[in-house]
Structure formats: C-alpha cells, structure tokens
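Residue numbers (my numbering), protein chains in the order written: chain A, -12 to 213; chain B, 7 to 109.
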Amino acid sequence: MSLFSPHVRQGALTALPLVIPAIPFALVFGIVVESSGIAAWVGWSSSPIIFGGAAQITLITLLGEGASIAAAVTAALIVGARHLLYSVTMAPHFKDQPLWFRWLGPYVLIDQVFALMSLEHHDDPDVFRQRFLAIGFTFWAFWVVATAIGIVIGPLVPGNWNIAFAAPVLFMGLLATGANDWRKVLVAIVAGVMTALLADMPNKGGLLVGALVGIALGAAMERLQR
Amino acid sequence: MSVLVATVLAGIGTYFLRGIFILTLADRQFSPLVLRTLGYVSPAVMGALIVSMLTTSEGTVTLGAAELGGLATAALVAARTRNHIYALLSAMSVYWLLGALVQ
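(1) Roughly how many whole angstroms lie between the Cα atoms of L46/A and G39/A?
(2) With a cut-off of 7 Å, does the C-beta of L3/A fall near any C-beta of chain D?
(3) Whose C-alpha, out of A153/A, A183/A and Q43/A, is nearest the C-alpha of L194/A?
(4) Could you round the C-beta distance between V237/A and K191/A to whole angstroms and report it? I think they count as a contact, below 8 Å.
(5) I want to see whether chain A comes within less than 7 Å of P49/B, judged by CB atoms only; does it?
(6) Taking one C-beta from the segment 150 to 169 of chain A and one from the segment 131 to 139 of chain A each time, how about it: are there three or more such pairs within less than 8 Å?
(7) Relative to the alpha-carbon of Y92/B, which residue among Q117/A, P35/A and I7/A has its alpha-carbon at the smallest distance?
(8) Whose CA, out of E52/A, L211/A and A41/A, lies closest to the CA of H70/A?
(9) With C-beta atoms as the reference, is I122/A less than 7 Å away from A9/A?
(10) Cα separation between R116/A and S22/A?
(11) Find the nearest neighbour of M7/B within the set E209/A, A153/A and V29/A, judged by alpha-carbon distance.
(12) Counting only beta-carbon atoms, is D187/A nearer than 7 Å to chain B?
(13) Using a Cβ cut-off of 7 Å (strictly closer), state whether G(-2)/A contacts chain B.
(14) Is the separation between the beta-carbon of L49/A and that of A68/A shorter than 7 Å?
(15) Does the Cβ-Cβ distance between A153/A and P11/A come in under 7 Å?
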C-alpha cells in the first residue's frame, strides 16, 4: 500500500475536519491527568496504548481516586464495551482482507472511524483497507499529539466555554448523514431515550443498554417486514 | 508502575473489544437479515452516545434549550450539506447564542 495512493490521501482528508471536535476532549483529558496526580507521561502513554478517549478518562480518573487496578480496568472496559458492536458490524468487511490488516485494523476502530466507515460502501477490499487505515491513523496521530498538548494547556482553559459540547454535536452530524430512512431515525431516538432513562447506571452502562435496545428494535422491524 | 500496568491491561482489553469479532467472524458468511440488522448498530450507538455525552458524572442529563437547539442545528445542517465543519460551526454558534440568551 502506498502512502501516496489517492485513497489514502482522500481518507486522511475525510478524517481531518472530524478531529476538530476532539480537541476539547484532548483538553479535558489533560485536565483529568493533571488533577489525578498521575505522572504526565504515564497518563499520556494511555493515548498510544489504549487509544480511546472515554476509556482513558475513566481509567485515569478512577486510578487517581485510588481505585484498584481491577476496578479501574473493568470500568474502562465497560465504558468501551460498545466497540464489541463495532467489531461485529465491521467483521463482514474484513472477509477478503489480509491477516495483518485483521490484526492491525481493530487497534484504530474508534467511534469516528466506525461512524465514517459505516457511511461508505466499498466493493473493492483494497479501497476499503486503504480508507480504513488512512482515516484511523490520521485520528491516531492527531490524538497522540493533541493529548500531549492537552496535558500542558488543558488546565489553563476557562471552564465556562463549554467546548466539550462539540463532541455530541459531531456525533449528531454523523448520525444525521447516516440515518437514511425513518427506521434508523426511530432506532436512534429510542436508543437515546433509553440511555437518558438509565442515566444513573454506573460506568455509563446506560449507553450500552440503550444501544442494545435500539438494535433489538431494528432487528424486530426487519423481521416483521419480511 | 501500577498505573502503567492498569493502562496496558485496559489497552489489551480495549483492543480485543474492537477486534474479537473481526478476528473470529471475518470468514463467516452472514445472512442478509443479520447484515441488515447490523445496519442499525451505527444509528443506535450514535443516539445512545450523544445522550451519554450529555450526562454528567452524577447521572444527570444536561438537555436544555441551548443543547436542543445546537443538536437540532447539527442534524439539519449535516443532513443538508453533508459537511461536518459547517454542521459543527453552526451548531456551536446556536448553542453559545441560546446559552447566552437563556442565562
């Protein structure tokens, strides 16, 4: 695969605008590391090692509060459990892919990569692979650098800007471009309402239950339609 | 040291959350019904994720006029223009504006 392939370049360009809403997240991460009392480089190392903002923030927060390794790791994995759904959804696209990509691809299968790749349909496995890796590693490079900067300047940003709202806005935009029929809109609304009703579940468990209820509704509608 | 151990464990765990089905099911033949059902994963998770991001660590969902206005703007602009930068800029403007007016 050439770094100069048009699919790689276009993939990187597709990802670039979407990194902007992640900037506040990197700043929030910086504040979390700073206030946890954990050494900055150790906190930052979670960016290349875990590469998942919500899981990193959960882990660092709990460890900073003195939680045990087992408790903090378990909570971080529960927060990241939605990735199981991404894994099963992406599996058919890896059918004609080489083994190295099946092992490397999951490392960068974050929310944004999943959302972008779900909007695309590629019959050519080479094109799929090049776009997936270009989008994934553009986010990776951004996140590794941005979280390092976030640790330095995050604690200096005034809290009343509410820039963290950029994150849900990004996912609303991705949802609106992907939900191309009324059933998908209904599924998204039901999943959101369920998550709101379960907002006080620990470790944001309502997210997973809400998503599963939405998917079950989608499955039921598909079955009834036949 | 223990923080680094926890980070590596969470990293391995996160990798397998993302990889387990790609590594085990990629060669399977999926039925059309299963494939169509998987089409609902993205909207369901995105819907849940948006609400989850608006939830404070105390378990309260922050969804006032400013948030609703911002999210509605993001959805409309993204659906119309399919441009995520326009959607972000207009949604954040509406959100800040409504936030300032409501206060």
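Quick reminder that beta carbons are idealized off the backbone N, C-alpha and C, glycines included.
The relevant details are as follows:
(1) Position 59 of the first sequence, counting from 1, holds the residue named residue 46/A. Position 52 of the first sequence, counting from 1, holds the residue named residue 39/A. Going from the Cα of L46/A to the Cα of G39/A covers about 11 Å.
(2) The displayed structure is made up of protein chains A and B, and chain D is not among them.
(3) Here residue 194/A refers to the residue found at position 207 when the first sequence is read from its first residue. Of A153/A, A183/A and Q43/A, the residue nearest in Cα terms is A183/A.
(4) The structure shown has nothing for residue 237/A, since chain A only spans -12 to 213.
(5) Looking up residue 49/B in the second sequence gives position 43. Answer yes: the Cβ-Cβ gap between P49/B and chain A drops below 7 Å somewhere.
(6) no
(7) Along the second sequence, one-based indexing puts residue 92/B at 86. If we check each option's Cα against that of Y92/B, I7/A comes out closest.
(8) The residue you call residue 70/A lines up with position 83 of the first sequence. That would be A41/A, whose Cα lies nearest to the Cα of H70/A.
(9) One-based indexing of the first sequence puts residue 122/A at position 135. One-based indexing of the first sequence puts residue 9/A at position 22. No, they are not a contact pair.
(10) The residue given as residue 116/A occupies position 129 in the first sequence. The residue given as residue 22/A occupies position 35 in the first sequence. Roughly 39 Å separates the two Cα atoms.
(11) As a working mapping, residue 7/B is identified with position 1 in the second sequence. If we check each option's Cα against that of M7/B, V29/A comes out closest.
(12) Position 200 of the first sequence holds residue 187/A. By this cut-off, D187/A is an interface position.
(13) One-based indexing of the first sequence puts residue -2/A at position 11. G(-2)/A does not count as touching chain B.
(14) Taking the first sequence and counting its residues from 1, the one referred to as residue 49/A is at position 62. Taking the first sequence and counting its residues from 1, the one referred to as residue 68/A is at position 81. No. Outside cutoff.
(15) Residue 153/A sits at position 166 when you count from the first residue of the first sequence. Residue 11/A sits at position 24 when you count from the first residue of the first sequence. For A153/A and P11/A, yes; Cβs fall inside 7 Å.
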